[in-house]
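The sequence shown begins at 5 in our numbering and counts up one residue at a time.
Below you'll find the structure, written out as structure tokens, and then a few comments.
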Amino acid sequence: MSQDGSTDRAGYTLYWEAMSGAMAVEFVLEEIQAPYTLRPVDMAAGEHRSADFLKLNPTGQIPALALPEGQIIGESAAGCARWSRPCLHARA
Ligand SMILES: N[C@@H](CCC(=O)N[C@@H](CS)C(=O)NCC(=O)O)C(=O)O
């Protein structure tokens, strides 16, 4: 991790806070060894309600996951499901 708490890996960017639902997405990223940058959001300071963050996730909630292709996923289950599709199809 760098001094501001962000990791230095590229690819995905996970807007995150400790002990939030963002950690579920973080665990999946770690498990599949995806390259990502962890971008801490200071919720106590209201950063998740800032204009810049609301552009990323209009719900004003953590997590937001920016994909390498540029889209943003603003729901933790959807962020995790991005990689679980083969498993879901296998059960169908
Ligand atoms: N259904 C959403 C819920 C996200 C959620 O509740 N995030 C909390 C942190 S764990 C949050 O951002 N709360 C701030 C707020 O709602 O103002 C998800 O799972 O992504």
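All C-beta atoms, glycine included, are put in the ideal place defined by N, C-alpha and C.
Per-residue burial, residue i [other beta carbons within 10 Å of its own, 16 or more giving buried]
{"i": "residue 74", "result": "exposed"}
{"i": "residue 43", "result": "buried"}
{"i": "residue 65", "result": "buried"}
{"i": "residue 23", "result": "exposed"}
Inter-residue spacing [alpha-carbon to alpha-carbon] between residue i and residue j
{"i": "residue 16", "j": "residue 39", "result": "6 Å"}
{"i": "residue 49", "j": "residue 21", "result": "12 Å"}
{"i": "residue 33", "j": "residue 45", "result": "18 Å"}
{"i": "residue 25", "j": "residue 56", "result": "20 Å"}
{"i": "residue 81", "j": "residue 87", "result": "11 Å"}
{"i": "residue 19", "j": "residue 85", "result": "17 Å"}
{"i": "residue 52", "j": "residue 37", "result": "27 Å"}
{"i": "residue 60", "j": "residue 35", "result": "25 Å"}
{"i": "residue 54", "j": "residue 41", "result": "20 Å"}
Beta-carbon proximity list for residue i, same chain, < 6 Å, skipping 5 on both sides
{"i": "residue 77", "result": "69, 83"}
{"i": "residue 79", "result": "none"}
{"i": "residue 62", "result": "none"}
8 Å Cβ shell around residue i - same chain, five flanking residues per side excluded
{"i": "residue 58", "result": "64"}
Check your understanding: Taking one C-beta from the segment 20-29 and one from the segment 60-78 each time, how about it: are there three or more such pairs within less than 8 Å?
Key -> Short answer: they touch.
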